[in-house]
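Note that the protein sequences, when read in sequence, are chains A and B. For the record, in the first sequence the residue sitting at position 104 is 100 according to the working numbering, with numbers rising by one throughout. For the record, in the second sequence the residue sitting at position 24 is 20 according to the working numbering, with numbers rising by one throughout. Backbone N, C-alpha and C define an ideal beta-carbon position, used for all residues, glycine too. From a predicted model like this one, the values you see are computed outputs, not experimental measurements. To keep things clear, I will list the structure first and then write my remarks on it.
Protein chains: 2
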Amino acid sequence: MANHLDTFFAALADPTRRAVIERLTEGSAPVSELHAPHDMALPTFMKHLSKLEDAGLVRTEKKGRVRTVHIEAAPLEAAESWIKRQRQVWEGRLDRFARIAEKPN
Amino acid sequence: MANHLDTFFAALADPTRRAVIERLTEGSAPVSELHAPHDMALPTFMKHLSKLEDAGLVRTEKKGRVRTVHIEAAPLEAAESWIKRQRQVWEGRLDRFARIAEKPN
DNA sequence: GCATTACTTAGCCATATGGCTAACCATTTA
DNA sequence: TAAATGGTTAGCCATATGGCTAAGTAATGC
């Protein structure tokens, strides 16, 4: 089960990249606009975008000299559902404990 | 907002560490037992445990020579809620699009 | 009390990551 | 067509990461 969760979570483990995702939930944007608020060189920023793209969190398309970036929801769902599953098993265990505690005989 | 999400997501970005979390949802366990199924040296495995502990995903306590590891739910909730929020904003945007599409005048 | 068990500490290694500059296309725009 | 705009490519650097071995310590078990 060493699936794509590696790249998904790694992509989200950086504040710059999470900020890009947050920005993209409000709509697609060209690279230069996404880059503007981040105090780093463009090539550095492009590396972050590549990671997001490798993780499948983002899709890009180039028209003329402008590359536009779009968010991709599926991986977010995959990551969320993994976490949710863990919590459910864990909470289910707590529930069983609680039930045992409530029936003390 | 460069909070603890960095360490949370980084901790989950490795299959060994996710496997440990999955195992721990079924109950706490000593280091040696958690290590057993993983084909790597113990010190290497301990580094993974440290990352989980640094991320707050796990808590440990030592009794005698045995260190027992317990899962900690709060960070899982934090990570899950971040992802959920992104999805909600993104989906909200889609909904607005849909509403606009439905009212074409 | 000696051996085993269960980690710990220390140190080394290769690769990955996150950052930079400099120089180079390729489209627009003036 | 020359200049500006929007990326891209190449290459360098420091630190982090994930792996190892070897040797040490501290409880338990025999």
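Practice prompt. Identify whether B:Thr21 lies in helix, strand or coil by the three-state DSSP scheme.
Written response: If you number the second sequence from 1, residue 21 of chain B lands on position 25. For B:Thr21, the secondary structure class from DSSP, reduced to helix, strand or coil, is coil.
Discussion item. Tell me which residue opens and which closes the alpha helix (DSSP H) that A:His31 is part of.
Written reply: The count along the first sequence starts at 1 and reaches residue 31 of chain A at position 35. Here the alpha helix (DSSP H) through A:His31 covers Val27 to His31.
Worksheet item: Going along chain B in order, which residues have a C-beta closer than 7 angstroms to the C-beta of A:Val27?
Response: Taking the first sequence and counting its residues from 1, one reaches residue 27 of chain A at position 31. Neighbourhood of A:Val27 in chain B, by CB distance below 7 angstroms: empty, with the nearest CB roughly 20 angstroms away.
Worksheet entry | Residue range of the alpha helix (DSSP H) that includes B:His44 | For this step, residue 44 of chain B is matched to residue 48 along the second sequence. Unbroken alpha helix (DSSP H) run through B:His44: Leu38 to Asp50.
Practice prompt. Just mark B:Thr40 as buried or exposed, buried being the case when its beta carbon has 16 or more other beta carbons within 10 Å.
Written response: By 1-based counting over the second sequence, the position of residue 40 of chain B is 44. Exposed, by the Cβ-count rule.
Worksheet item: On the three-state DSSP scale, how would you describe A:Glu57?
Response: If you number the first sequence from 1, residue 57 of chain A lands on position 61. Of the three classes helix, strand and coil, the one that applies to A:Glu57 here is strand, per DSSP.
Worksheet item: How about B:Ala75 and A:Ile79: do their beta carbons lie closer than 9 angstroms?
Response: In the second sequence, counting from the first residue as 1, residue 75 of chain B sits at position 79. In the first sequence, counting from the first residue as 1, residue 79 of chain A sits at position 83. Yes, the pair counts as a contact, with Cβ atoms nearer than the cut-off.
Worksheet item: With DSSP run on the structure shown, which of helix, strand or coil describes A:Asn101?
Response: Taking the first residue of the first sequence as position 1, residue 101 of chain A is located at position 105. Residue confidence is low: A:Asn101 scores 31 on pLDDT, short of 50, so the model does not pin down where it sits. Its coordinate-derived value is still stated next. Here A:Asn101 carries a coil assignment [DSSP, helix/strand/coil].
Discussion item. Can you tell me whether A:Val54 is buried or exposed? The criterion is at least 16 other CB atoms within 10 Å of its CB, across all chains shown.
Written reply: Taking the first residue of the first sequence as 1, we reach residue 54 of chain A at position 58. For A:Val54, the number of other beta carbons within 10 angstroms of its own is at least 16, and it is reported as buried.
Worksheet item: Would you call the CB atoms of B:Asp10 and A:Pro11 closer than 9 angstroms?
Response: If you number the second sequence from 1, residue 10 of chain B lands on position 14. If you number the first sequence from 1, residue 11 of chain A lands on position 15. No.
Worksheet item: Which residue comes first and which comes last in the alpha helix (DSSP H) that contains B:Asp2?
Response: Taking the first residue of the second sequence as 1, we reach residue 2 of chain B at position 6. Where B:Asp2 is concerned, the enclosing alpha helix (DSSP H) stretches over Leu1 to Leu8.
Discussion item. Quick check on A:Arg76 - is its C-beta less than 9 angstroms from some C-beta in chain B?
Written reply: Working through the first sequence from its first residue, we reach residue 76 of chain A at position 80. Reading the sequence as shown, one finds Glu at residue 76 of chain A and not Arg. A:Glu76 counts as touching chain B.
Worksheet item: Is the CB of A:Thr40 under 9 angstroms away from at least one CB in chain B?
Response: Within the first sequence, residue 40 of chain A is the residue found at index 44, counting from 1. Cβ-Cβ to chain B under 9 angstroms: no for A:Thr40.
Worksheet entry | Residues that DSSP places opposite A:Val65 in a beta bridge | Residue 65 of chain A sits at position 69 when you count from the first residue of the first sequence. Beta-bridge pairing by DSSP links A:Val65 to A:Ala25 and A:Thr56.
Worksheet item: If the cut is a Cβ gap below 8 angstroms, which residues of chain A does B:Ala69 touch?
Response: On the second sequence, residue 69 of chain B is found 73 positions in, with the first residue counted as 1. What B:Ala69 touches in chain A: Arg83, Trp86 and Glu87.
Item to complete: At 7 angstroms on the CB atoms, spell out the chain A contacts of B:Arg14, in chain order.
Response: Residue mapping note: residue 14 of chain B aligns to position 18 of the second sequence, counting from 1. Residues of chain A with a Cβ closer than 7 angstroms to the Cβ of B:Arg14 are, in chain order, Leu1.
Worksheet entry | Exposure label - B:Lys47; buried when at least 16 CB within 10 Å | As a position in the second sequence, residue 47 of chain B is number 51, starting the count at 1. It counts as buried.
Practice prompt. Decide if B:Arg14 is buried, meaning its Cβ has at least 16 other Cβ atoms within 10 Å, or exposed.
Written response: Sequence index remark: in the second sequence, residue 14 of chain B carries index 18 (1-based). With 16 or more other Cβ atoms within 10 Å, it is buried.
Practice prompt. Give me the Cα-Cα distance between B:Thr64 and B:Leu30, rounded to the nearest whole angstrom.
Written response: The residue labelled residue 64 of chain B in the question sits at position 68 within the second sequence. The residue labelled residue 30 of chain B in the question sits at position 34 within the second sequence. CA-CA distance, B:Thr64 to B:Leu30, rounds to 10 angstroms.
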